[in-house]
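What follows is one structure encoded as structure tokens, with my remarks underneath.
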Amino acid sequence: MEDVMGVRASRRHQALAALVTLALVATFVAVAPIASVPGPMLTAFLPLFAMAVLVTEGITAYLLASQFVIAREPFLAALSGAYGFTSITVTLQLLMFPGVFSPTGLFGANAQSAVWMWVFWHAGFPFMLLTSASVRRKYSIDPIEPRRLQLVGLLCIGIPLLLAVGGAYLAIHCDRLLPALIGANGSYTNLINGPIGPAVIAINLVTLIAICVSGRFQTALDLWLAVAALANLVDASLTLIASSRFSLGWYTARVAALVSSMAVLSVLLWEINRLYRGLQKAHARLQEFSIRDGLTGVYNRRFFDERYAREIERAKRTGRPLSILMADVDHFKQFNDTQGHQRGDECLIAVATAISRQARRPGDFVARYGGEEFVFVLPDTDRAGAATVSERVRDAVAALRIASTAPSGIVTLSVGASTIERTPPTTDALLRAADTALYMAKNSGRNRVCFSDIAVPA
């Protein structure tokens with residue numbers, strides 16, 4: 062099964078990624094000069110934002126983990142862990158955020174806890190992307206062994222989740238060991254002027270460059286990981302430039318974070334949808350192959366048996382007539398013996414094509430009954446209509462002018478036909494009558510149409 066790692070970046074992917082990249086850069090350039098302008102204090106915005114990130118990152122982590130199970134590539138497990146880390150971190154940050162669930166935040170959080178969780182989020186996620194890239198370079202030759210699949214998955218996915226919980230513990234209970242990032246007036250002055258803020262920007266920038274250089278946008282996943290890294294960089298930069306919560310830059314940074322969350326999820330859903338469509342088409346082709354004769358391309362005996370039974374039942378239910386034609390290629394064994402099996406196969410293909418072209422209504426169908434014998438089912442067709450179609454079928458094969466050693470000099474067809482106007486005593490009575498008519502046509506000189514009527518009780 063194809064995995065998302067092997068999907069080449071199409072021109073549509075490249076164009077869309079370029080459009081999102083230009084939008085991110087343009088937004089940053091436009092908002093940066095006015096990022097510190099205060100905005101409305103919408104406390105309901107934070108839960109909505111956190112829920113959106115939690116859902117998108119969680120779904121992305123799950124889909125990447127599923128791809129890891131399929132492809133057995135440790136890179137996908139590490140990438141899944143990175144997105145799982147973000148989904149847990151943003152949830153913990155929301156719970157610690159002052160004024161959302163409690164004045165200072167839950168779990169004993171203080172004014173600095175939510176900011177430190179933001180630092181762990183925006184430094185941890187790009188760091189894990191870098192780790193994923195290094196894992197990809199080291200283990201990109203062969204998939205891991207199935208017996209080690211579970212262990213590698215637990216390590217790559219479990220460790221980032223433990224780091225998220227560990228970061229929350231540090232942010233809440235080890236505040237004395239961590240420097241204060243928020244000033245007395247609620248601004249991010251210490252975060253911006255100290256080493257923490259520039260370090261966050263630096264690791265995001267290094268990650269973006271590393272993804273662009275290592276992946277070179279060859280696959281759709283490489284392309285959209287670069288977009289996600291750029292959006293995370295814009296998010297971190299605007300947050301620091303804004304220097305306070307609920308400012309214009311702070312709100313815009315949250316939107317960039319959503320773009321970062323949705324970038325890889327979008328391509329995963331895109332490719333899953335593409336693979337699903339391909340699977341549907343393959344399933345449809347497989348179904349078609351299962352009911353088609355491998356040589357002639359008309360329906361096979363299996364399809365005929367199922368469809369013929371349904372047509373008999375429909376004729377019983379509606380009281381409408383039903384006709385059936387049994388056609389056999391005259392002197393075909395002699396043709397095969399003198400001209401070879403390859404020419405015999407070509408003859409059968411041409412005959413089947415000529416017969417099937419006479420099925421001009423949606424309900425009519427032709428099937429290969431066996432060897433050189435074909436069956437033509439004509440629903441809602443009386444005896445006169447069956448006679449007309451029978452002659453058309455016989456003439457169509459004669460018009461092929463396939464040379465033969467038979468007395469006629471060409472390949473011809475014998476046709477046996479039968480029609481029911483009322484319900485027959487048994488479901489196979491119509492088929493037996495057509496078969497009897499075919500033998501009548503054979504015994505009376507071939508290259509002709511014969512009818513056999515069915516005895517139906519009054």
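Using this note's numbering, the first residue of the sequence shown is number 62, and each one after it goes up by one. The C-beta atom is built at its ideal place from N, Cα and C for all residues, glycine as well.
- For Phe-106, DSSP records no beta bridge to any residue.
- When the Cα atoms are used, Ser-479 and Ile-463 turn out to be separated by approximately 28 angstroms.
- Per DSSP, the beta bridge partners of Val-436 are Met-387 and Ala-428.
- Residue range 474 to 481 is occupied by the beta strand (DSSP E) that includes Ile-481.
- From the listed residues Ser-384, Asp-441, Val-161 and Gln-403, the smallest Cα separation to Asp-489 is found for Ser-384.
- Distance between Arg-197 and Arg-363, taken at the CA atoms: about 50 angstroms.
- Close CB contacts of Glu-433 within its chain, under the 7 angstroms cut and outside five residues either way in sequence, are with Asp-389, Val-390, Phe-393 and Leu-409 (chain order).
- Counting along the chain, the unbroken alpha helix (DSSP H) around Phe-136 starts and ends at 135 to 157.
- Listed as beta-bridge partners of Arg-69 by DSSP are Thr-280.
- Counting of Cβ neighbours within 10 angstroms places Ile-149 among the buried residues, the total reaching 16 or more.
- Boundaries of the alpha helix (DSSP H) around Phe-364: 362 to 379.
- In the structure shown, Phe-168 adopts coil according to DSSP, grouped into three states.
- Remark: fewer than three beta-carbon pairs, one from each stretch, lie closer than 8 angstroms, so the region 491 to 499 and the region 446 to 464 are not flagged as touching.
- In the structure shown, Ala-464 adopts extended strand secondary structure according to DSSP, grouped into three states.
- Within the same chain, Leu-301 and Ser-304 come within 7 angstroms of Ile-253 by CB-CB distance, once the 5 residues on both sides are set aside.
- Shown here, Arg-444 sits in a helix according to DSSP, grouped into three states.
- When DSSP states are grouped into helix, strand and coil, Pro-256 belongs to the coil group.
- The three-state secondary structure of Pro-99, taken from DSSP, is strand.
- For Cys-511, the beta-bridge partners assigned by DSSP are Gly-477.
- Separation of the CB atoms of Ala-139 and Val-261 is rounded to 21 angstroms, and the pair is thereby denied contact status at 8 angstroms.
- Residues Leu-156 of the same chain have their beta carbon placed closer than 7 angstroms to that of Phe-162, with the five preceding and five following residues left out of the count.
- By the CB criterion at 8 angstroms, Phe-158 and Phe-186 fall outside the cutoff.
- Assignment of Ser-308 by DSSP, reduced to helix, strand and coil, places it in the strand class.
- Judged by DSSP secondary structure, Thr-414 falls within the alpha helix (DSSP H) whose first and last residues are 402 to 417.
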